[in-house]
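The numbering of the sequence shown is the working numbering, which starts it at 55 and goes up by one.
Using N, Cα and C, we set each Cβ at its ideal position, and we do this for glycine too.
Presented below is the structure to which this report refers.
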Amino acid sequence: MSRRILSLLLFWLAMSVGQAQTVLRIDSLPPQGLLLDKGWLWHEGDNPDWANPTFDDSQWERIDPAKDIMELPQVRKAGIGWLRLHLQTDSSLVLPEALILLVRQMAASELYINGRFSKRFGTVSPNPDQVEAVHAYFQQVSLPAPGESALVLAVRIAWQPGLPYNRFAAAANSLYGVTATTVSRLNSYIVYRNITNIYVFSKVGVFFILALLHVLLYIFYPPQRANLFFSISSLVFFHHWLGLGLWTNGLLTDSGTIMYLGLIRALLYPVGYVFLVTALYSAYAFARSIYYRISLITCVLLAVIYWTDYQNGVLWIEIGSTIVMTAEALRVTVVAVRKKQRGATIILIGMVLSLIGLSLRYLLMFTPLFISRFPFSVAQIYSNSFETFGTLCIPLSLSVYLATEFAFTSKSLAAQLAAVKLLSAQTLAQEQEKQLMLTQQNETLESKVTERTAQLQQSLDTLKTTQAQLIQKEKMASLGELTAGIAHEIQNPLNFVNNFAEVSVEMTEELRENLQKGNITNAVELSEGLGENMSYIVENGKRAASIVRSMLEHSRSSSGERRPTNLNELAEEYLKLAYHGIRAQDPDFQVQLCTQFDDKLQLVTVAPQDIGRVLLNLYNNAFYAVRQKQQQQDNGRDSAVYQPQVTVSIRADQDAIALYVKDNGTGIPSTIVDKIYQPFFTTKPTGQGTGLGLSLSYDIITRGHGGDMRVESCEGEGTEFVIHIPLN
55 MSRRILSLLL
65 FWLAMSVGQA
75 QTVLRIDSLP
85 PQGLLLDKGW
95 LWHEGDNPDW
105 ANPTFDDSQW
115 ERIDPAKDIM
125 ELPQVRKAGI
135 GWLRLHLQTD
145 SSLVLPEALI
155 LLVRQMAASE
165 LYINGRFSKR
175 FGTVSPNPDQ
185 VEAVHAYFQQ
195 VSLPAPGESA
205 LVLAVRIAWQ
215 PGLPYNRFAA
225 AANSLYGVTA
235 TTVSRLNSYI
245 VYRNITNIYV
255 FSKVGVFFIL
265 ALLHVLLYIF
275 YPPQRANLFF
285 SISSLVFFHH
295 WLGLGLWTNG
305 LLTDSGTIMY
315 LGLIRALLYP
325 VGYVFLVTAL
335 YSAYAFARSI
345 YYRISLITCV
355 LLAVIYWTDY
365 QNGVLWIEIG
375 STIVMTAEAL
385 RVTVVAVRKK
395 QRGATIILIG
405 MVLSLIGLSL
415 RYLLMFTPLF
425 ISRFPFSVAQ
435 IYSNSFETFG
445 TLCIPLSLSV
455 YLATEFAFTS
465 KSLAAQLAAV
475 KLLSAQTLAQ
485 EQEKQLMLTQ
495 QNETLESKVT
505 ERTAQLQQSL
515 DTLKTTQAQL
525 IQKEKMASLG
535 ELTAGIAHEI
545 QNPLNFVNNF
555 AEVSVEMTEE
565 LRENLQKGNI
575 TNAVELSEGL
585 GENMSYIVEN
595 GKRAASIVRS
605 MLEHSRSSSG
615 ERRPTNLNEL
625 AEEYLKLAYH
635 GIRAQDPDFQ
645 VQLCTQFDDK
655 LQLVTVAPQD
665 IGRVLLNLYN
675 NAFYAVRQKQ
685 QQQDNGRDSA
695 VYQPQVTVSI
705 RADQDAIALY
715 VKDNGTGIPS
725 TIVDKIYQPF
735 FTTKPTGQGT
745 GLGLSLSYDI
755 ITRGHGGDMR
765 VESCEGEGTE
775 FVIHIPLN
């Protein structure tokens, strides 16, 4: 009795100091406790005297600290301040047990009761960088012993700036929410928390098992990609519910961790549903429809709304994505059932049960009659039961479906494996029989192969001999053409030698007669004429000897010896020989020969005999082409006036000698221009060419001299061969 009187006196003294002070009176305590959201006063700043219960706070600002921090701009602007509450319990409520305060906050605070320090949550500091806010979820604070009916609660509090504040699980980030209850009534909160933890962690365990199970099923059978998508969906929901369990159980207290986890948790929630619906599409082997894309776009829009709407963003993204993706899952499942997809009815039943469970849960939550009829803990049991049932029905039904499909696939594979084993046994017997037959056949084939190999070797030797003969024939043909030209060329000096020799014989007779007659003057004149004739004979004899020497050089096998050579003289000499050679075959053939030589060209180190063969082949081909075109004109196939022309040009580039042989003959068709360097390829009639001339020429230039040989031709207009011989 004396303690009660003392408490009343202290309270009267406190009230007398601040006549206008507001007092929160507790007349009754509901079963779930009383939220102390009225009567609080606020003042920014930091003064230890404000913890004194006798301090005059009549001029302080009224505030509801149970509100969300984002709804209290004065707190966020000040950074640090003090809260005060004058609390008085009715005399009829003075219980034999003390009151207990359940604190819920998202800040840093220090609680003083009647001027005495009681509880600290986090680190309070005037320096914002040193503030460490914590999340207190119904943390217990004991009040003084029973009998003290007048209390002054002073809270030194600071908020932590720089955090991405969001509503974790749609709960408000209260600055400092306080609920008054008693020890005996605290059991309802403990039961509520235990019930919540049981249901939350049961969902955590189920989703973890589903994620692990179906990732293993995917590893065992990768073609069923629905297992992969479903395991990802289950893993996302596992983290979603795990975060909620850690939060409600008070295992997460750091505000920064909670805020970042809240962001990730909210944004991943629709991702889990997206993968769930994707798993359905994959399980049904359906192409993703326009409705699927619309659902994805809707989830993206819900994420945007969540990012911009702090107050209701979590409800939008979680409930909205649940409705949208569940509707799409229901639609595609109904389509699968109509198409008589195997096992689709299982998922449809799961969806119907899920809708029933969630509908009952929200019906019980928002029905006042149910809430008032049952105790708080009982209501939570029913609510959590229906919510858990509705949440797990769809994943479990899909898991059953995928497991059934896996079992069906396993049975099919087992049956196929048995068939394969039987077939393998039959095949093995057949293979053994075939192997025996093959062994016998191999022995026969080996003898035939040996015989055939000997025949092929003989054919190869014959082919090589024939090829060598053809190459020699080409050389002999070239030599024959050259010999004809040389014969025609050597005829002139031989005629001169014969004519001057006959004249010299006659002049010798006359000289003898004049000497016998003593006619010295005539004898001297005859001797002088005879000397001139001898000089002509010597000159033409040397010319004939030179021609014969050239023929011998061409006829002997090339040694490949290189020596400095005048290409101008070499090209001109072989041009004349080739021309006289074709004239020996056709005396009526006339062609205009044009030479464009570089007078400043120095000696070039080449194999002259090999280069001479190349030039002779090119000249003969050019003469053949213009001769053919001339014959076409003579036969009336071309009425235009045609003058055969062969042009030979030589000029020195920076690092090579360029030699051009151009004619205005028939040209080479574009369809065969790529084949002209192939051995034995020829466009001439049978018997007129071996097809080795250009092939040998190409090898001499490219392999023998490291040069290049190309052709430019236009059918009906002419052909030009270009040879590049490097100087180095």
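Just to confirm, is the Cβ distance from residue i to residue j under 7 Å?
| i | j | result |
| --- | --- | --- |
| S285 | A265 | yes |
| D664 | I754 | yes |
| N594 | P547 | yes |
| D717 | V776 | no |
| V660 | T619 | yes |
| R415 | S437 | yes |
| T336 | R392 | It is worth fixing the name first, because residue 336 is Ser in this sequence and not Thr. Cβ atoms of S336 and R392: not closer than 7 Å. |
| L97 | G135 | Sequence inspection shows His at residue 97; the Leu mentioned does not correspond to that position. Yes. Within cutoff. |
| Y166 | A208 | yes |
| T352 | F283 | no |
| P780 | A676 | no |
| L95 | W114 | yes |
| I155 | V195 | Position check: residue 155 holds Leu in this sequence, whereas Ile was assumed. In contact: L155 and V195 (Cβ atoms closer than 7 Å). |
| V454 | I400 | yes |
| T233 | L89 | yes |
| Q159 | A190 | yes |
| N281 | L289 | no |
| V727 | V645 | no |
| F292 | F262 | yes |
| T235 | G93 | no |
| L334 | V388 | no |
| L315 | S287 | no |
Measure the C-alpha to C-alpha separation of residue i and residue j and round it to an integer number of angstroms.
| i | j | result |
| --- | --- | --- |
| H277 | E459 | The residue asked about is misnamed: residue 277 is Pro in this sequence, not His. In a straight line, the C-alpha of P277 is about 12 Å away from that of E459. |
| H608 | R617 | Annotation note: pLDDT 49 at H608 (below 50); position unreliable, coordinate value reported separately. C-alpha separation (whole angstroms): 15 Å. |
| E774 | S767 | 6 Å |
| F443 | D183 | 45 Å |
| V785 | I371 | No answer is possible for residue 785: the residues shown for the chain start at 55 and end at 782. |
| H778 | Q639 | 32 Å |
| S478 | M491 | 19 Å |
| I722 | V551 | 45 Å |
| G397 | A390 | 9 Å |
| N782 | S749 | 24 Å |
| R764 | G747 | 15 Å |
| M124 | N181 | 20 Å |
| F440 | K173 | 38 Å |
| A105 | I252 | 40 Å |
| E564 | L631 | 40 Å |
| E626 | Y633 | 11 Å |
| A577 | V557 | 15 Å |
| P324 | I373 | 9 Å |
| S698 | L624 | Note on residue identity: the sequence assigns Pro, not Ser, to residue 698. Roughly 23 Å separates the two Cα atoms. |
| V148 | G367 | At V148 the pLDDT is 49, less than 50, meaning the model places this residue with poor confidence; the figure from the coordinates comes in the next sentence. Taking the straight line from one Cα to the other gives about 43 Å. |
| Y678 | Q512 | 38 Å |
| G583 | T736 | 56 Å |
| I312 | C447 | 29 Å |
| L240 | Y275 | 52 Å |
| G772 | Q686 | 14 Å |
| V592 | T562 | 17 Å |
What distance in whole Å lies between the Cβ atoms of residue j and residue i, which are believed to be in contact at a cut-off of 8 Å?
| i | j | result |
| --- | --- | --- |
| Y696 | S703 | 22 Å between Cβ atoms; not a contact. |
| V258 | G299 | 6 Å |
| F651 | N671 | Rounded, the Cβ-Cβ distance is 20 Å, inconsistent with contact. |
| A357 | L321 | 6 Å |
| V185 | A162 | 5 Å |
| G169 | P107 | 5 Å |
| F222 | W301 | 6 Å |
| R197 | L153 | Per the sequence presented here, residue 197 reads as Leu, with Arg not at that position. That belief holds up - the Cβ atoms of L197 and L153 are roughly 5 Å apart, short of 8 Å. |
| W295 | V254 | 6 Å |
Item to complete: Could you tell me whether the region 215-232 touches the region 345-352, where touching means 3 or more Cβ pairs closer than 8 Å?
Response: Taking a cut-off of 8 Å on C-beta distances, the region 215-232 does not touch the region 345-352, as fewer than three cross pairs fall below it.
Fill in: Three CB pairs or more closer than 8 Å across the region 242-261 and the region 125-142
no
Worksheet item: At what residue ranges does the region 617-697 contain a whole run of the beta strand (DSSP E), taking only runs of 3 or more?
Response: 617-619, 646-650 and 658-660
Worksheet item: Using 8 Å as the threshold, is the region 306-319 in touch with the region 335-342, meaning 3 or more CB pairs across them?
Response: No contact exists between the region 306-319 and the region 335-342.
Worksheet item: Where in the region 192-256 do unbroken runs of the beta strand (DSSP E), each at least 3 residues long, occur, reported from the N-terminal end onward?
Response: 204-212 and 231-236
Worksheet item: What are the start and end residues of each continuous alpha helix (DSSP H) run of 4 or more residues lying completely inside the region 106-194, in chain order?
Response: 127-132
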